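Here the structure comes first, spelled out in structure tokens, and everything after it is commentary.
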Amino acid sequence: MRNITLPGPVGVNGAELYTAGALAGLGLVQVPRYRVREQLANGELCVVLADQPPPPMPVSVMFPQARQLSLRVRTFADWLVQVFADIG
Numbered sequence: 006m007r008n009i010t011l012p013g014p015v016g017v018n019g020a021e022l023y024t025a026g027a028l029a030g031l032g033l034v035q036v037p038r039y040r041v042r043e044q045l046a047n048g049e050l051c052v053v054l055a056d057q058p059p060p061p062m063p064v065s066v067m068f069p070q071a072r073q074l075s076l077r078v079r080t081f082a083d084w085l086v087q088v089f090a091d092i093g
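The numbering used here puts the first residue of the sequence shown at 6, with every later residue one more than the last.
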């Protein structure tokens, strides 16, 4: 084990950077499992607190309401609603 002193909180804005920090030993991260599947499989990272999943986060589908939606956009939005309802 090693200790690293940081001058303050570290802020990043992407799963890749969070993952790089975890791989560098900078701490724990919460990223989508699909982003770290390979690192979990080869033992570079491990799951902690598996019995304490994070709370669900809302997902929004945004599109201009003033316009007539194309059938493709409406079908895609309906599909997304169904997918997230099934896993939610």
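The beta carbon of each residue, even a glycine, is placed where N, CA and C say it ideally should be.
In this text, all values refer to a predicted model and were calculated from it rather than measured experimentally.
Supposed close pair residue i, residue j - CB separation, criterion 8 angstroms
i	j	result
A27	L54	Between L54 and A27 the Cβ distance is about 14 angstroms, and since that is not below 8 angstroms, they are no contact.
L31	V15	7 angstroms
Residues near residue i by beta carbon distance below 6 angstroms, same chain, minus five either side
i	result
V64	F89
Q44	L50
Exposed unless 16 or more other CB atoms sit within 10 angstroms - verdict on residue i
i	result
Y39	exposed
V41	buried
Neighbourhood of residue i by C-beta, 7 angstroms cutoff - its chain only, sequence neighbours within 5 removed
i	result
A20	V36, P37, R40
L74	F68
V1	The question about residue 1 has no answer, for the chain in this structure spans 6 to 93.
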